[in-house]
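The sequence shown begins at 958 in my numbering and counts up one residue at a time.
Think of the CB as a built atom: it goes at the ideal place given N, C-alpha and C, for glycine as much as any other residue.
Small disclaimer: the values here were computed from a predicted structure and weren't measured.
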Amino acid sequence: MNHIYALIDSTLIWHIDTNIHVYQEDMPQLEKSTLENFLITGKECVKLSDIPDLEIQIVLISESKFLRILKAGSWEMFYSLYPEVSGVLHITRVGFNDRGDQALMYLSDERSSGEAQGSLYLLQKENDWRIIDIFLLWIV
């Protein structure tokens, strides 16, 4: 089954104030420069426009439109407008290490069922980017 997700068209501002060593203990391959860059870049919200080809299909939606839909009619209204969508994703800006071959990002996924989760994704570039670790921060 090919999933389609709605992606909020602006990045989240990373606001979780956490000791740097916590992530490095739970994600041993995470380089200090990657995390430091992530904490810096995550303080800025940017608009998303070009989304690279991914294994999933993405529909961009503004956060204000998403919130208006939920306020006006909840998830039922959202799915009547976007029946093909499996969930709504929010992402932060990506932090990179000094060499540019390691990346860290946060992604949350929420669904009408009330299920939601937020995780840090650690990626490594060897020929292509691949996920090498996932750290679950919260789940509902």
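Rank the options by C-alpha distance to the C-alpha of residue i and give the top, closest one.
i	options	result
L1017	K1004, S1037, M1034, L1027	K1004
F1092	E1001, V979, L1011	V979
What span of residues does the beta strand (DSSP E) with residue i cover, start to end?
i	result
R1087	1086 to 1096
V1042	1042 to 1048
G1075	1073 to 1082
S1123	With the chain running from 958 to 1097 in the structure shown, residue 1123 is simply not present.
Along the alpha helix (DSSP H) that carries residue i, what are the first and last residues, could you check?
i	result
I1026	1020 to 1038
Kindly list the residues whose CB is nearer than 7 Å to the CB of residue i, restricted to its own chain and excluding five residues on each side of it in sequence; keep chain order.
i	result
L1094	G1075, S1076, L1077
Please return the same chain residues whose Cβ sits closer than 6 Å to the Cβ of residue i, not counting the five positions on each side in sequence.
i	result
V1097	A1073
F1035	I1026
T991	G1052, N1054, Q1059, L1061
S1065	H1047, G1075
I965	E1020, H1047
Here's a check: name, in chain order, each residue in its chain whose Cβ is nearer than 8 Å to the Cβ of residue i, leaving out the five neighbours to either side.
i	result
I1013	N959, H960, I961, Y962
I997	G1052
Q981	L987, K989, L992
ask   = On the three-pair Cβ rule with 8 Å, is the stretch 1083 to 1092 touching the stretch 1039 to 1055?
value = Look at the beta carbons and you see the stretch 1083 to 1092 not touching the stretch 1039 to 1055: under three pairs across the two are nearer than 8 Å.
request  = Please specify which runs of the beta strand (DSSP E), each continuous and at least 3 residues long, are wholly inside the stretch 961 to 1015, giving them in chain order.
outcome  = Counting only runs of 3 or more, we get 961 to 965.
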